[in-house]
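Participant: Next up is a structure, given as structure tokens.
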Amino acid sequence: MKNLAGLMKQASQMQSKMEQMQSELEKLTIEGSSGAGLVTVALSGKGDMRSIKIDPKLADPDEMEMLQDLIVAACADARVKLDKKASEEMQKVTGGLNLPPGMKLPF
């Protein structure tokens with residue numbers, strides 16, 4: 007029973023650390039870009055778009071399709087960076103414990 011109590015204590019500490027990490031991630035702003043910086047998107051740590059910057063030379067009506075594609079690509083770039091940062095922070099909290107894919111703590 008002593009081992010179970012210790013395990014429960016560790017799980018509780020890990021959950022507390024993960025909640026703190028999630029709170030810190032929510033405060034982050036991650037930028038992604040595309041088109042060699044012609045479009046830049048900033049996402050919050052939750053993945054919500056905070057801002058978008060578009061180079062004025064892309065405002066040509068004939069280039070609208072390319073502009074739309076660049077916006078999507080910049081969002082994808084920011085999302086990849088956000089996921090990587092969240093994963094790195096999770097590794098710090100779990101001490102390298104590999105959780106099954108899709109498993110998020112706290113439960």
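The numbering of the sequence shown is this note's numbering, which starts it at 7 and goes up by one. Cβ coordinates follow ideal geometry from the N, Cα and C atoms, glycine included.
(1) With DSSP run on the structure shown, which of helix, strand or coil describes K59?
(2) Between which two residues does the beta strand (DSSP E) harbouring E69 extend?
(3) Identify which residue in S29, K52 and A79 has its Cα closest to the Cα of I60.
(4) I'd like to know whether the C-beta atoms of L31 and A84 end up nearer to each other than 9 Å.
(5) Report the rounded CA-to-CA distance for K15 versus Q74, giving the unit in angstroms.
(6) Within its chain, find whatever has a CB closer than 8 Å to the CB of A17; leave out the 5 residues flanking it on each side and keep chain order.
(7) Does the distance from the C-beta atom of K91 to that of I36 stay below 9 Å?
(8) Compute the Euclidean distance between the alpha carbons of M27 and E95, then round it to the nearest angstrom.
(9) Measuring alpha carbon to alpha carbon, tell me which of D54, D66, E25 and P67 ends up nearest C81.
Facilitator: Let me spell this out:
(1) Secondary structure at K59: strand, using DSSP grouped into helix, strand and coil.
(2) Here E69 belongs to no beta strand (DSSP E), and DSSP marks it neither H nor E.
(3) If we check each option's Cα against that of I60, A79 comes out closest.
(4) Contact flag unset, no.
(5) If you take the alpha carbons of K15 and Q74, they lie about 50 Å apart.
(6) Contacts found: none.
(7) Yes.
(8) Rounded to whole angstroms, the separation of the alpha carbons of E95 and M27 is 7 Å.
(9) With distances taken between Cα atoms, C81 lies closest to D54.
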